[in-house]
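To start, the structure under review is shown below, and the notes come after it.
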Amino acid sequence: MSERKVLTKYYPPDFDPAALTKKKGPKQVGPKVQTVRLMAPFSMKCTSCGEYIYKGRKFNARKETPENEKYLGIQIFRFYIRCTRCSSEITFKTDPKNQDYTCERGAKRNTEPWRKVEDEDETDEQRLDRLEKEDEERNAMEELEAKTIDAKRDMAVADALDEIRTRNARMERANHDGMLGDATVVRPEDELRRQEDAEDEEAYKNAIAAAKAQQETWEVVEDDVAAGDSHSVSNGNGVKRKAPEEAEAVPTSFSFKRQAKKKEQVLLPGLKMGPPPVPAVKPAPAPTVKAKAVLVEYGSDSD
1 MSERKVLTKY YPPDFDPAAL TKKKGPKQVG PKVQTVRLMA PFSMKCTSCG
51 EYIYKGRKFN ARKETPENEK YLGIQIFRFY IRCTRCSSEI TFKTDPKNQD
101 YTCERGAKRN TEPWRKVEDE DETDEQRLDR LEKEDEERNA MEELEAKTID
151 AKRDMAVADA LDEIRTRNAR MERANHDGML GDATVVRPED ELRRQEDAED
201 EEAYKNAIAA AKAQQETWEV VEDDVAAGDS HSVSNGNGVK RKAPEEAEAV
251 PTSFSFKRQA KKKEQVLLPG LKMGPPPVPA VKPAPAPTVK AKAVLVEYGS
301 DSD
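Residues 1 to 303 in UniProt numbering are what the sequence shown spells out, letter by letter.
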């Protein structure tokens, strides 16, 4: 029994590795051929037996690569299949020009209404002319679409401008009406503030006048006190008193406090709260003049 994995081999004594030569077969002449598995690229009808071969049926085909058949540098391939009924040979090849396949012999391609047969028969110049016309038509459509978009944009801008103008006119009209209303209508807050300012000014004037009058009164009283010694009357005990005809000056009382009018608070409909009582202002005490004591000699009664 031989081994599966041989680690060492036997070399005879007369073995000469230089005597070994590689055996090469004859080089293949002609187009390259290989066997492939493919599906029928289109539906066809066999011309020998009339068998219908639908699109997508699988075949074991021979793929041939002809050396001299190319289209614009693109290699063209030829395929050989056999009919499933009569085993007759069917040949078709690729068509890079129309991006399709062309049936050569052994079968006839079925009619396909969506295919343009006239495009297959046109020359290269006709094809170029057709492509140029299609490009021009496409450019014209693109220009028309661009013009339509520009027109829509212009209409949107015009609508926005009209809306802005309308809003500005409305705001200007509202501001003008508000200025006229402010000039003709007097607000109650402004009227109340004006009355308070007038009352403050009147109270300030009264306070200034009262201060001036008090200052004059104090000056008169000081003059009378200075002249009181000459008009004093002495009693029997040697004490001098002020003359009875001199009247004591009473200064006028005043206040710088602001008296603000309070608003009447309505408690119930039809009832009003009476004014709060005004506190009595006490007059300032009048200055008193003390009499000076005079010492005189005291004589005894015995004398």
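The beta carbon of each residue, even a glycine, is placed where N, CA and C say it ideally should be. As the structure is a computational prediction, the values presented were derived from the model and not from experiment.
Is the beta carbon of residue i sitting closer than 8 Å to the one on residue j?
i           : j    : result
T91         : Y80  : yes
residue 308 : C46  : Within the shown structure, residues of the chain are numbered from 1 to 303, placing residue 308 beyond reach of any answer.
F15         : Y101 : no
K63         : V33  : yes
Quick check on the burial criterion: 16 or more other C-beta atoms within 10 angstroms. Buried or exposed for residue i?
i    : result
M141 : exposed
M44  : buried
R78  : buried
I53  : buried
A40  : buried
V250 : Low confidence applies to V250: its pLDDT is 46, below 50, so where it sits in the model is not reliable enough to give any reading.
D303 : Low confidence applies to D303: its pLDDT is 47, below 50, so where it sits in the model is not reliable, and the reading given next is rough at best. It is exposed - the Cβ of D303 has fewer than 16 other Cβ atoms within 10 Å.
T252 : No answer about T252 holds up, because its pLDDT of 49 lies below 50 and its placement is not dependable.
G238 : Because G238 carries a pLDDT of 48, less than 50, the predicted location of this residue cannot be relied on, and the following value inherits that uncertainty. Exposed.
Just to confirm my understanding: we take residue i, look at its own chain, exclude 5 residues before and 5 after, and list those with CB closer than 6 Å. What are they?
i    : result
E246 : Confidence is the limiting factor: at E246 the pLDDT is only 45, short of 50, which leaves the residue's position unreliable, though a coordinate-based value still follows. Result list for E246: empty, nothing under 6 Å.
R109 : F42, M44 and C103
I74  : P96
E51  : C83 and R85
Apart from the five residues just before and just after residue i, which ones in its own chain have a Cβ nearer than 8 Å to its Cβ?
i    : result
G106 : C46, T47, S48, C83, S88, E89, I90 and T91
K147 : none
E122 : R130
V6   : none
E136 : none
D190 : none
Check the C-beta distance from residue i over to residue j and give it rounded, since I have them as a contact under 8 Å.
i   : j   : result
P66 : P96 : Actually they are not in contact, since the Cβ atoms of P66 and P96 sit about 13 Å apart, beyond 8 Å.
Skipping 5 residues on each side, what residues in its chain have a beta carbon closer than 7 Å to that of residue i?
i    : result
T35  : N60 and R62
G236 : At G236, the pLDDT of 49 sits below 50, so the modelled position is not reliable and the matter cannot be decided from this model.
Y11  : none
R37  : K58 and N60
N168 : none
* To do: Say whether the region 49 to 59 touches the region 21 to 32, bearing in mind that this needs 3 or more beta-carbon pairs closer than 8 Å, one atom from each stretch.
  => Cβ pair count under 8 Å is below three, so no.
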